[in-house]
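In the numbering used here, the protein residues as written are 13 to 320.
Every residue gets a Cβ at the ideal spot worked out from N, C-alpha and C, and that includes glycine.
Here the structure is laid out as C-alpha cells; the discussion comes afterwards.
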Ligand SMILES: Nc1ncnc2c1ncn2[C@@H]1O[C@H](COP(=O)(O)OP(=O)(O)OP(=O)(O)O)[C@@H](O)[C@H]1O
Ligand SMILES: [Mg+2]
C-alpha cells in the first residue's frame, strides 16, 4: 500500500459481510474526516438509512444533508440516481418526467440489472470528482457499500462494461469510473469483519475478489467488536472449576468462562485473518452499549483516530 493515510484518500469504500459494522465504521470515518477539517459525504446505497440516525440526525434521503458540521449523508437509490442521470441528459425535469414515466423506469431497472448499478455508482463517483467554485465539492467521500456479493456486483460494473461495450458515451463513462476506482491516490477499499469464523471466511474471499476481479486499491482490514481477553489461561481453568460452586458464584464463573472462551476464539479468528490477508489491521473493541447510537460511534471514532 502506498504511504497515504486512509483519510487522505478521496474515496473510501467500506464493505464486508452483513451486520459486521460497515455503517458504524463509515459513520466514524466520516466524523474523523470532518474533525480534520474535511468536507465529507457518506453515501449509503439503496438502504434503510443508518448513518444519519446513528449520528443522531433524521434520515437524509436522496439529497445530501449536513448531519454534523462538515459531514453530509445521502442515500443513493437506483430510481433517484436514474432520475438525476436522466434529468442531466435531458436537461429538464419536466421532460424527464414525461419521457421516463416511473413505470417505464422501473421496467428498465429490472430488465437491465447492471443499469441500476451503473447509475448508482455513476452518481457516487460523480460526487467524488465534482467541483464547485474551482475546488472539489467533497474532500472525502465514504461509501458505506452493500455487503460482500452486492458490493462486488456494484463495483465491477465499469470494468465489465469496458470488456463488452464498443467505443461511445457509455464506454467513456465506464472508463472514467474505472480510472477513478483503481487510482491508489484516490480510492481505498477496506473490509470490515467480526473476529468470527464465517465473517473471516467471507472477508478472505472478498479480498481475493478485490485483488483479482475489481483491482481496487486495498486499504485496511477492520476487525470489529473484538472481545477483550481479560483472563489468563490459568484463570480460565480456575473459572471452569468454580462453575460447580452454588449461586451466585457458580453461574458468574460460568459466564466469565464463556466470555474467556469467546475472547480466545476471537483471537484465533484474528490470527487466521491476519495470516490470510496481508493488510494493515485495525482492531475495534467489542463495546458494551445498551443503545447503539452517536456516543457508541464516537467511541469507535476515538479508537480509529490513531490508525487512519
Ligand atoms: N464495536 C462494536 N461493539 C459492539 N457492538 C457493535 C460494534 N460494532 C457494531 N456493533 C453492533 O452491530 C450492529 C450492526 O452494526 P452496523 O449497522 O454498523 O453493521 P452493518 O455492517 O452496516 O450492517 P448491514 O449489513 O445491515 O448494513 C450495531 O447496531 C451494533 O449493535
Ligand atoms: Mg449498514
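- Residue burial annotation: residue 250 is exposed, with fewer than 16 other C-beta atoms found within 10 angstroms of its C-beta.
- Taken through DSSP and simplified to helix, strand or coil, residue 220 comes out as helix.
- Cα atoms of residue 313 and residue 37: separation of roughly 8 Å, rounded to the nearest angstrom.
- The Cβ atoms of residue 63 and residue 39 lie closer than 7 Å to each other.
- Each of 45, 272 and 49 was checked against the Cα of residue 252, and the nearest Cα belongs to 272.
- Here the C-alpha atom of residue 51 lies approximately 5 Å from the C-alpha atom of residue 151.
- Nearest to residue 132 by C-alpha distance, out of 164, 142 and 92, is 92.
- CA-to-CA, the gap between residue 144 and residue 275 works out to about 49 Å.
- Only residues of its own chain outside the window of five on either side were considered, and among them 39 and 309 have a CB closer than 6 Å to the CB of residue 66, listed in chain order.
- Residue 236 carries a strand assignment under DSSP once its states are collapsed to helix, strand and coil.
- Per DSSP, reduced to three states, the secondary structure at residue 200 is strand.
- In this structure residue 156 is not in contact with residue 242, their Cβ atoms being roughly 32 Å apart against a cut-off of 8 Å.
- Distance from the Cα of residue 218 is smallest, within the candidate group 59, 260, 162 and 146, for 162.
- Scanning its chain for C-beta atoms nearer than 7 Å, with the 5 sequence neighbours on each side dropped, one finds around residue 225 the residues 164 and 168, in chain order.
- Shown here for residue 248: same chain residues with a beta carbon closer than 6 Å to its own, the five before and five after excluded, namely 272 in chain order.
- CA-to-CA, the gap between residue 261 and residue 270 works out to about 14 Å.
- Pairing residue 32 with residue 196 gives a Cβ-Cβ distance that is not under 7 Å.
- Residue 160 is classed as buried because its beta carbon has at least 16 other beta carbons within 10 Å across all chains shown.
- Contact between residue 158 and residue 194 does not hold, since their C-beta atoms are separated by about 20 Å, which reaches or exceeds 8 Å.
- Not one heavy atom of ligand 1 lies closer than 6 Å to the C-beta of residue 285.
- With fewer than 16 other Cβ atoms inside 10 Å of its own Cβ, residue 283 counts as exposed.
- Residue environment: residue 223 is assigned as exposed (fewer than 16 neighbouring CB atoms within 10 Å of its CB, all protein chains considered).
- At a cut-off of 6 Å, the beta-carbon of residue 218 does not count as near ligand 1: no heavy atom of the ligand is closer than that.
- Beta-bridge annotation (DSSP): residue 132 is not paired with any residue.
- Residue environment: residue 34 is assigned as buried (16 or more neighbouring CB atoms within 10 Å of its CB, all protein chains considered).
- Residue pairing by DSSP places residue 289 in no beta bridge whatsoever.
- Annotated as distal: residue 295 and residue 204, with beta-carbon spacing of 7 Å or more.
- Excluding its 5 nearest sequence neighbours in each direction, residue 70 has C-beta neighbours in its own chain below 7 Å: 64, listed in chain order.
- Counted as a single uninterrupted DSSP element, the stretch harbouring residue 26 is not any alpha helix (DSSP H) but the beta strand (DSSP E) occupying residues 23-28.
- Annotation for residue 58 indicates a beta carbon at 6 Å or more from all heavy atoms of ligand 1.
- Boundaries of the alpha helix (DSSP H) harbouring residue 250: 245-254, taken from the DSSP string.
- A check of alpha carbon separations from residue 238 across 299, 215, 43 and 288 identifies 299 as the nearest.
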